[in-house]
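Colleague:
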Amino acid sequence: MARKRVSSGTEWESAVGYSRAVRVGDRVEVAGTTATGDDGEVVGRGDAAEQTKVAIGNVETALVEAGSGLEDVVRTRLFVTDVDDWEAVGRAHGEAFGEVRPATTLVEVSALVDPAMLVEVEAVAVVDD
Numbered sequence: 001m002a003r004k005r006v007s008s009g010t011e012w013e014s015a016v017g018y019s020r021a022v023r024v025g026d027r028v029e030v031a032g033t034t035a036t037g038d039d040g041e042v043v044g045r046g047d048a049a050e051q052t053k054v055a056i057g058n059v060e061t062a063l064v065e066a067g068s069g070l071e072d073v074v075r076t077r078l079f080v081t082d083v084d085d086w087e088a089v090g091r092a093h094g095e096a097f098g099e100v101r102p103a104t105t106l107v108e109v110s111a112l113v114d115p116a117m118l119v120e121v122e123a124v125a126v127v128d129d
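Each residue of the sequence shown is one higher than the last, beginning at 1 in the UniProt record's numbering.
1) Which first and last residues belong to the beta strand (DSSP E) in which Glu29 is found?
2) Are the Cβ atoms of Ala48 and Val74 separated by less than 9 angstroms?
3) Among Ser19, Ser110, Glu41, Ala116, which residue has its Cα nearest to the Cα of Glu122?
4) Suppose the cutoff is 8 angstroms on Cβ atoms and the five residues either side in sequence are ignored; what does the same chain contact list for Leu63 look like?
5) Taking the alpha-carbon of Glu108 as reference, which of Phe79, Glu41, Gly44 has the nearest alpha-carbon?
6) Run the CB neighbour count on Glu41, radius 10 Å, all protein chains shown included, and call it buried at 16 or more, exposed below.
7) Per the DSSP calculation, Ala123 is bridged to which residue(s)?
8) Taking only three categories from DSSP, how would you classify Val6?
9) Please confirm whether Ala35 and Glu11 have their CB atoms less than 9 angstroms apart.
10) Between Gly44, Arg45, Gly57, Val24, which has its C-alpha nearest Gly32's C-alpha?
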């Protein structure tokens, strides 16, 4: 089965050995994605809801490049550095996905790769051919 890799273009993908997303058949797996702008800087510093919106936008960009979209997402995982942000993060997630309503997990982690990052989002999509 053919494998399509989607790159975000960062230097870290080849150095660490990962892809932003990988599509195999009708399934697209999107790696942990943060609120990072095109310039590599964290967007929405100090605002977990804004970071969630930006991260999901970055997930959507990868999905589209893989021939998918948010409407195909069946699973998300949200990693937050402060579980007290769960409601703001959850609302931003709900606004992005609406009635798609993927199976979702939200967990608190001790840190993300950059201290300014408050949220990281993973997604799995199944494309209905």
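Just so you know, even glycine gets a beta-carbon here, dropped at the ideal spot from N, CA and C.
Modeller: With the structure as the only source:
1) Glu29 -> beta strand (DSSP E) spans 27–33.
2) Cβ atoms of Ala48 and Val74: not closer than 9 angstroms.
3) Nearest C-alpha to Glu122 among Ser19, Ser110, Glu41, Ala116: Ser19.
4) Ala21, Val28, Val30, Gly69, Leu70, Asp72, Val73, Ala123, Ala125.
5) Closest by alpha carbon: Phe79.
6) It counts as exposed.
7) DSSP lists Val30, Thr76 as the beta-bridge partner residues of Ala123.
8) Judged by DSSP in its simplified three-state form, Val6 adopts strand.
9) Their beta carbons are not under 9 angstroms apart, which means Ala35 does not touch Glu11 by this criterion.
10) Each of Gly44, Arg45, Gly57, Val24 was checked against the Cα of Gly32, and the nearest Cα belongs to Gly57.
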